[in-house]
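Novice:
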Amino acid sequence: MKNFESLFEELSQKIADRPEGSGTVEAFDKGIHHLGKKIIEEAGEVWLAAEYQSDEELAEEMSQLLYWLQVMAHKRGLKLEDIYSYL
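Using the working numbering, you'd call the opening residue of the sequence shown number 554 and step up by one each time.
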């Protein structure tokens with residue numbers, strides 16, 4: 554099972570390796586504006602899942618939001634320690 558740290562490392566590797574056909578790399582390359590829109594979309598889906606869907610569906614939507622937040626962190630050059638310092 555993945556955790557927050559292992560996902561961050563996986564994304565670091567994917568962005569460095571740039572595998573052909575990677576949707577993550579494509580979104581990363583489109584930039585901050587594109588990633589911001591993706592995060593807003595996922596946040597809305599979390600809200601709707603919390604209102605109307607099962608706990609399982611909510612957990613899935615939350616995982617997708619965390620994923621895209623991490624992609625944004627990579628785009629801005631943040632490390633997990635930068636984020637953790639505010640928790």
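Virtual Cβ for every residue (Gly too), placed ideally from N, Cα, C. Computed from a predicted model, the values in this text were never measured in an experiment.
For residue 557, count neighbouring C-beta atoms within 10 Å of its own C-beta (all shown protein chains included) and say buried if the count is 16 or more, exposed if not.
Specialist: Translated into the one-based positions of the sequence shown, residue 557 becomes position 4. Burial call: exposed.
Novice: For a test of the three-state rule: what should DSSP assign to residue 555, helix, strand or coil?
Specialist: Your numbering for residue 555 matches position 2 in the sequence shown. Three-state DSSP puts residue 555 in coil, outside helix and strand.
Novice: In three-state DSSP terms, what is residue 630?
Specialist: Reading the sequence shown from its first residue, position 77 is the one you call residue 630. Of the three classes helix, strand and coil, the one that applies to residue 630 here is coil, per DSSP.
Novice: Specify, as a first and last residue, the run of the alpha helix (DSSP H) that residue 588 falls within.
Specialist: On the sequence shown, position 35 is the one that residue 588 refers to. Element bounds for residue 588: 585-605.
Novice: Go through its chain and collect everything with a Cβ distance to residue 560's Cβ below 8 angstroms, but skip five positions before and after it.
Specialist: Along the sequence shown, one-based indexing puts residue 560 at 7. Within the same chain, residue 560 has close Cβ partners 619, 620 and 623.
Novice: Just the Cα atoms here: how many angstroms apart are residue 605 and residue 589?
Specialist: The residue you call residue 605 lines up with position 52 of the sequence shown. The residue you call residue 589 lines up with position 36 of the sequence shown. Between residue 605 and residue 589, the C-alpha separation is close to 24 angstroms.
Novice: Taking all protein chains shown into account, do 16 or more other C-beta atoms lie within 10 angstroms of the C-beta of residue 579, making it buried, or fewer, making it exposed?
Specialist: What you label residue 579 is simply residue 26 of the sequence shown in a count that begins at 1. Exposed, since its Cβ has fewer than 16 Cβ neighbours within 10 Å.
Novice: For residue 627, count neighbouring C-beta atoms within 10 Å of its own C-beta (all shown protein chains included) and say buried if the count is 16 or more, exposed if not.
Specialist: On the sequence shown, residue 627 is found 74 positions in, with the first residue counted as 1. Label assigned to residue 627: buried.
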